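**Student:** Chains as they are written, first to last, in the working numbering: chain V, 15 to 471; chain P, 15 to 471.
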């Protein structure tokens, strides 16, 4: 039966691509309140696709953006139940002048789809839906029980999802969560990701005078929020690229010798990686390789700075207010709530009384690591081999998926992270893309996974 | 004759205010190329006012914005020749939501005119023009030779003015430059300013990756331009509010004991000053009073920070580029070109090789101090006493007037800085204002000054 399902997927490539383009045209920017109607359209689109092929589906409203919950397949199947998780919300476009084609007008150039959300995560989660659709159409049903949970708040740290999962705990019960929101190792090497970093996202707001002041008339007599903010941020890291927040590294799980040696064996092309970033040089925490820094070491990054005069030329103001967005990526076993508190304390300690300080928390989540020896991990490995024609490598990920530790806690399920996009796919940046080959390979892999998970094939 | 001139000014108050409002409606923002036509309108407006009352006037084009040059009065007068200098260009409005009425729709509330440029400098320079007009109309001429030089590039550090002055050196020859671009000491105390600070205005641009990157996928493996920029800025000052650029304080002229004691005697209300700024506290360089810091100590201030994600909520990018506007105010005898170089060197030294660095210079000018015992200074003192009914105090100024050291060098003339606005007039900030009482008092003072400067009155 799986061969017929795969044949169906192959025969419907063009139609599948058209559906991907349709979904990408909906600007599901969850960070921006003005896109709320587009979020509804996104959820409705997914709901229609699922119900259209006979999968039971429901749009579940939340205080924020809705999510779509679906299920199909025999409840008493000879195999585990999987929950396909993904998200239809996307990052803001950022500086639109840097996009070669508009972010929400998907363009295909050289067999590559360029659009915001192509890789993160619309294209990848759609592959699972299309695989299920193929099974439904060809086999009249799924070989195992498959559930869907596709949310609209992943890019804003999933504020509503925990309640949805807890409220629908029985309905979402599963043996494995399957998700594709991580990349392959490189363009030619599929990967299964077994760990993600956690995150704490902060905004620091420093306020001085009640309004911008003339820097000549007032300079030297009051604290300048721009100077103060710079000093606060500078105080959070040292010259060896280590975070100086007291207690920050407490509980950090060091890599095992085995992990370090496996990382070293990966076909990682450091020069190509650097070239891809386009930065002058690699740098990072002393004593760790580039891959170790990416996947297993906590970081602290400025994401944005703004305030004062930001126009052309020169305006001599002492700014009334200055803000910084600063986020930390965490590793097992850092507790995000503890790190959040330590950050607040360190910023407070670095801030003089001559300004007002506000620290806003935009999101927190824990890191996650999955076991490598589960039956699900083995089936996923086989599915990738069949779908992409190549064995996957096992990697960790610098990005954060807040839902993973939550799934583990609430549903008791470990996650299988099977990535279909390339690591240079420009997720979060301009010109995000997904190759058509990866889109179709992902669809095949998702179809194979349902087959390989059945106990009696 | 002076009494008749003053009577004419008093009788024409309303008409004079209408002309002030007319001038303020023209958005002469010299920093912004899109306002170039408005700059031309501003120059034309001034030219028309001067020629309208019989003052010879010409619009002198420059590579940037035009300036207006005029002259009237007997070449062989019994008195010195003065050159009234001012500027018709204004600062950008900044955050328009903070203005209680639109910046370029002047509003009068409680006998106060609110508009961008009301104080800096349209309202003040107009007072001199209206005083000359009154003399022309009432006396049929001016009692001394008066020249005008009203430029359109003061807020962008006067890039064209030096060439204009050098090209028109003979035509602009004078014994004193008279200008009103400094404030009174407080609302009730007129002031003559005898010194201004110099300035060096810089923009630091730090570039890392070729585009914004996902902070999870890439964080920890490259230098973050936001962290680097913060560290660079933080390195330029220490916790005692002193600038740490090597050599920065070399050549700084310390206040004399006499100056310090005179400053101490000024009726400076520190609590009111702090309340006016609306900052939580005063602070500044150790060992100096607030007035000393304002007027006689060099400073370094962040004027703007921008880059990365600056929207609502959270976006986890490593920014490709981060910029800061940073300016320094200088005192005698710091050499601005030397300070500019020292700044560049210090920034370069604080910047790692893992990012690209660009330092742009937006403007430099020297500090200036005038002699307090000249005949011109005495006449100006008497003119203020007559115009405002109160003796002026002698102050210095934290702001910069690049033209003063240039006038001294090219024309050999010292400057008489007679201020008509209040120090809390919100120059460069939202809701800039000038009281009608100060506008009229300034016009009277300017009329008296021409009279008091004549040797045989």
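Just so you know, even glycine gets a beta-carbon here, dropped at the ideal spot from N, CA and C.
Small disclaimer: the values here were computed from a predicted structure and weren't measured.
Taking one C-beta from the stretch 39-50 of chain V and one from the stretch 315-330 of chain P each time, how about it: are there three or more such pairs within less than 8 Å?
**Tutor:** Touching, yes, given that three or more Cβ pairs across the two stretches are closer than 8 Å.
**Student:** Write down every uninterrupted run of the beta strand (DSSP E) in the stretch 389-424 of chain V whose length is 3 residues or greater and which is fully enclosed by it, in chain order.
**Tutor:** Those beta strand (DSSP E) runs which fall completely within the stretch 389-424 of chain V and span 3+ residues are 407-411.
**Student:** Residue range of the alpha helix (DSSP H) that residue 242 (chain V) falls in?
**Tutor:** The residue labelled residue 242 (chain V) in the question sits at position 228 within the first chain. Where residue 242 (chain V) is concerned, the enclosing alpha helix (DSSP H) stretches over 239-249.
**Student:** Can you tell me where the alpha helix (DSSP H) holding residue 207 (chain V) begins and where it ends?
**Tutor:** Against the first chain, residue 207 (chain V) aligns to sequence position 193. No alpha helix (DSSP H) contains residue 207 (chain V), which is instead part of the beta strand (DSSP E) from 205-210.
**Student:** Can you tell me whether residue 209 (chain V) sits near the ligand NAP, meaning its C-beta is under 7 Å from at least one heavy atom of the ligand?
**Tutor:** Only the bare structure without any ligand can be found here, which leaves the ligand NAP out of the picture.
**Student:** Report yes or no: is there a C-beta of chain P within less than 8 Å of the C-beta of residue 235 (chain V)?
**Tutor:** As a working mapping, residue 235 (chain V) is identified with position 221 in the first chain. Output row for residue 235 (chain V): interface = yes.
**Student:** At a CB-CB cut-off below 8 Å, which residues of chain P make contact with residue 304 (chain V)?
**Tutor:** Along the first chain, read from residue 1 onward, the residue named residue 304 (chain V) stands at position 290. Simply 235.
**Student:** Of all the residues that make up the stretch 244-270 of chain P, which are near chain V by a beta-carbon distance shorter than 7 Å?
**Tutor:** Against chain V - using a Cβ distance shorter than 7 Å - the residues of the stretch 244-270 of chain P are 244, 245, 247, 248 and 251.
**Student:** Which residue comes first and which comes last in the alpha helix (DSSP H) that contains residue 65 (chain P)?
**Tutor:** In the second chain, residue 65 (chain P) corresponds to position 51, counting from 1. Its alpha helix (DSSP H) spans residues 50-66.
**Student:** Start and end of the beta strand (DSSP E) containing residue 317 (chain P)?
**Tutor:** Along the second chain, one-based indexing puts residue 317 (chain P) at 303. Element bounds for residue 317 (chain P): 313-322.
**Student:** Put residue 370 (chain P) into one of helix, strand or coil per three-state DSSP.
**Tutor:** As a working note, residue 370 (chain P) is residue 356 in the second chain. DSSP places residue 370 (chain P) in strand when its eight states are reduced to three.
**Student:** Taking one C-beta from the stretch 99-106 of chain V and one from the stretch 179-193 of chain V each time, how about it: are there three or more such pairs within less than 8 Å?
**Tutor:** Contact holds: three or more Cβ-Cβ distances are below 8 Å.
**Student:** Please identify the residue among V:111, V:120 and V:150 whose C-alpha is closest to the C-alpha of residue 70 (chain V).
**Tutor:** Stepping through the first chain from its first residue, residue 70 (chain V) is reached at position 56. Looking at the Cα atoms, V:150 is the closest of the given residues.
**Student:** What in chain V is Cβ-close to residue 297 (chain P), meaning under 8 Å?
**Tutor:** Counting from 1 along the second chain, the entry for residue 297 (chain P) is found at position 283. Per Cβ cutoff of 8 Å: 235, 236, 237, 366 and 368.
**Student:** Give the DSSP-derived three-state secondary structure of residue 336 (chain P) in the structure shown.
**Tutor:** Walking along the second chain from the start, residue 336 (chain P) turns up at place 322. Three-state DSSP puts residue 336 (chain P) in a strand.
**Student:** Answer yes if the stretch 309-322 of chain V comes into contact with the stretch 233-240 of chain P, meaning at least three C-beta pairs across the two stretches below 8 Å, and no otherwise.
**Tutor:** Short answer: they touch.
**Student:** Residues of chain V with CB closer than 7 Å to the CB of residue 332 (chain P), please, in chain order.
**Tutor:** To locate residue 332 (chain P), count along the second chain from 1; it is residue 318. Per Cβ cutoff of 7 Å: 315.
**Student:** Does the contact criterion of 3 or more C-beta pairs under 8 Å hold for the stretch 346-359 of chain P versus the stretch 374-390 of chain P?
**Tutor:** Yes: at least three Cβ pairs fall under 8 Å.
**Student:** Based on the DSSP secondary-structure assignment, which residues constitute the bridge partners of residue 100 (chain V)?
**Tutor:** Here residue 100 (chain V) corresponds to residue number 86 of the first chain, with the count starting at 1. Its beta-bridge partners are V:164.
**Student:** By a C-beta neighbour count over all protein chains shown, 10 Å radius and 16 as the cutoff for buried, is residue 111 (chain P) buried or exposed?
**Tutor:** In the second chain, counting from the first residue as 1, residue 111 (chain P) sits at position 97. So residue 111 (chain P) counts as exposed.
**Student:** Any C-beta of chain V sitting closer than 8 Å to the C-beta of residue 137 (chain P)?
**Tutor:** Against the second chain, residue 137 (chain P) aligns to sequence position 123. Not one chain V Cβ lies under 8 Å of residue 137 (chain P).
**Student:** Applying the criterion that 16 or more other CB atoms from any shown protein chain within 10 Å of the CB defines a buried residue, is residue 440 (chain P) buried or exposed?
**Tutor:** If you number the second chain from 1, residue 440 (chain P) lands on position 426. Per the 10 Å Cβ criterion, buried.
**Student:** Sort out for me which residues DSSP pairs residue 85 (chain P) with in a bridge.
**Tutor:** In the second chain, counting from the first residue as 1, residue 85 (chain P) sits at position 71. DSSP, once it has assigned bridges, lists P:70 and P:161 as partnering residue 85 (chain P).
**Student:** Let me check understanding here. Comparing Cα to Cα, which of P:157, P:174 and P:155 lies closest to residue 164 (chain P)?
**Tutor:** Here residue 164 (chain P) refers to the residue found at position 150 of the second chain. Among P:157, P:174 and P:155, the Cα nearest to that of residue 164 (chain P) belongs to P:174.
**Student:** Counting only beta-carbon separations shorter than 8 Å, does residue 223 (chain P) have a partner in chain V?
**Tutor:** Sequence index remark: in the second chain, residue 223 (chain P) carries index 209 (1-based). So yes, residue 223 (chain P) belongs to the interface.
**Student:** Between the stretch 114-130 of chain V and the stretch 180-188 of chain V, are three or more C-beta pairs nearer than 8 Å?
**Tutor:** As far as the Cβ criterion goes, the stretch 114-130 of chain V does not touch the stretch 180-188 of chain V, which means the pair count is below three.
**Student:** When the Cα of residue 369 (chain P) is compared with those of P:238, P:172 and P:453, which residue comes out closest?
**Tutor:** For the purposes of this step, residue 369 (chain P) is identified with residue 355 of the second chain, where counting begins at 1. Residue P:238 is the option with its Cα nearest to residue 369 (chain P).
**Student:** For a test of the three-state rule: what should DSSP assign to residue 353 (chain P), helix, strand or coil?
**Tutor:** If you number the second chain from 1, residue 353 (chain P) lands on position 339. Residue 353 (chain P): helix per DSSP, three-state reduction.
**Student:** Verify the CB distance criterion: does residue 208 (chain P) have a CB-CB separation below 8 Å to chain V?
**Tutor:** Your numbering for residue 208 (chain P) matches position 194 in the second chain. No, residue 208 (chain P) does not count as interfacial toward chain V.
**Student:** Is the distance from the Cβ of residue 414 (chain P) to the Cβ of residue 210 (chain P) below 8 Å?
**Tutor:** Counted from its first residue, the second chain places residue 414 (chain P) at position 400. Counted from its first residue, the second chain places residue 210 (chain P) at position 196. Yes, these two residues count as a Cβ contact at 8 Å.
**Student:** Taking a cut of 7 Å between CB atoms, which residues from the stretch 435-451 of chain P lie near chain V?
**Tutor:** The residues in question are 437, 441, 442, 443 and 444.
**Student:** Mark residue 13 (chain V) as exposed unless 16 or more other C-beta atoms lie within 10 angstroms of its C-beta, in which case mark it buried.
**Tutor:** Nothing in the structure corresponds to residue 13 (chain V), since chain V is present only between 15 and 471.
**Student:** For residue 431 (chain P), which three-state DSSP category applies?
**Tutor:** One-based indexing of the second chain puts residue 431 (chain P) at position 417. In this structure, residue 431 (chain P) counts as strand in the three-state DSSP scheme.
**Student:** Less than 6 Å between C-beta atoms, sequence neighbours within five positions excluded: which residues of the same chain meet that for residue 95 (chain V)?
**Tutor:** Numbered from its first residue, the first chain carries residue 95 (chain V) at position 81. Closer than 6 Å at Cβ, skipping near neighbours: 159, 188 and 189.
**Student:** Residue range of the alpha helix (DSSP H) that residue 447 (chain P) falls in?
**Tutor:** Within the second chain, numbered from 1, the residue matching residue 447 (chain P) stands at position 433. Where residue 447 (chain P) is concerned, there is no enclosing alpha helix (DSSP H), although the beta strand (DSSP E) it sits in stretches over 447-449.
**Student:** Please determine, among P:386, P:332 and P:322, the residue with the shortest C-alpha to C-alpha distance to residue 272 (chain P).
**Tutor:** Mapped onto the second chain, residue 272 (chain P) falls at position 258. Answer by Cα proximity: P:386.
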